[in-house]
Ligand SMILES: NC(=O)c1ccc[n+]([C@@H]2O[C@H](COP(=O)([O-])OP(=O)(O)OC[C@H]3O[C@@H](n4cnc5c(N)ncnc54)[C@H](O)[C@@H]3O)[C@@H](O)[C@H]2O)c1
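In this note's numbering, the protein residues as written are 288 to 591.
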């Protein structure tokens, strides 16, 4: 198949693009290199340097390349930027997604795959772990804009019959991860430990997240490519890990004996986040395979 991976120079998109190529597909990457890096793009992929909000560029690209699948990973993914400039965030995450949806319908794309966020669309959870029916009350403009992307995809599905597959990722970590992303703490701690510097944990470090290794996220994307059904699934582990425990695993991976220091808590930070992988297992047979210790060890080594 001919697959367009937006954001394919970024962390997750580049791993997904490589897996599609490995599976024998023809891959095009569309990326403006704002947070991505040209070095991440698999050499077999065709890189188009450009912006997902550029209507003229998209119209020409889609008309010329007639993609079968759009795998949409490009985003403004920094929660703090979204708080500081919600308009910028909406421009990329809402308007950019809409532009891609319009072009996808225009050329009859067979599947639109979207990277949403379980960490941000549910907001402060009332059930642990959250399943896909959990209320969605995002507490950041980023969460709002990703949820809006999902809603527009449903609209295009209903009105134009666009097949779709929506993945709500937990906090994704792994080689090439961006320190500004939802699991940025893994990259930040690893880089400091490698330099032998002390890590500062915000607050008591008991805030929890659901950390999923990027190879498991790639496997979910491949499962999504293979299914004929429209669906929205969580891509997480169902396991809640606090920052203190995460630090401990990374410290051991690096063979360090440094203790962390505790700084002030970040105001407005979500206290707990964990999502259930049950639906993906039932519908697709997908489940996370890489244990946290193993994933963190591989990630730490990739930064070393
Ligand atoms: N990392 C996580 O923990 C996580 C969790 C949930 C959801 N997600 C989602 O997964 C996707 C990938 O995230 P990531 O962590 O790989 O981030 P990333 O920043 O590494 O990748 C995003 C890529 O999109 C590109 N990009 C940004 N704006 C663009 C634009 N306007 N036009 C074209 N390209 C643009 C960037 O240059 C970058 O290469 C995003 O949609 C993000 O919202 C990530």
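Beta carbons: idealized from backbone N, C-alpha and C, even for Gly.
On a predicted model such as this, the values are computed, not experimentally measured, just so you know.
Check, Outcome
"Of the residues 586, 357, 569 and 388, the one placed nearest residue 500, counting alpha carbons only", "586"
"Nearest-angstrom Cα separation, counted from residue 533 out to residue 292", "31 Å"
"Beta-bridge partners of residue 398, as assigned by DSSP", "356"
"Simplified DSSP state of residue 562, which is helix, strand or coil", "strand"
"The segment 440-453 touching the segment 572-588, judged by at least three CB pairs closer than 8 Å", "no"
"Proximity of residue 545 and residue 583 at Cβ, strictly below 9 Å", "no"
"C-alpha gap between residue 354 and residue 300, whole angstroms", "17 Å"
"When 294, 309 and 459 are compared against residue 387, the one with the closest alpha-carbon", "294"
"Ranges of the beta strand (DSSP E) found wholly within the segment 497-544, counting only runs of at least 3", "498-500 and 518-522"
"Which of helix, strand or coil DSSP assigns to residue 367", "helix"
"Range of the contiguous alpha helix (DSSP H) that encloses residue 581", "579-590"
"Top-ranked residue by Cα proximity to residue 364, from 333, 420 and 432", "432"
"Top-ranked residue by Cα proximity to residue 436, from 461, 475, 389 and 464", "389"
"Cross-strand partners of residue 429 (DSSP beta bridge)", "Partner(s): none; residue 429 has no beta bridge."
"Inter-stretch contact at 8 Å, needing at least 3 Cβ pairs: the segment 462-473 / the segment 415-426", "no"
"The segment 489-497 / the segment 371-387 touching (three or more Cβ pairs under 8 Å)", "no"
"Beta-carbon gap between residue 526 and residue 507 smaller than 9 Å", "no"
"Candidates 581, 566 and 486: closest to residue 547 by CA position", "486"
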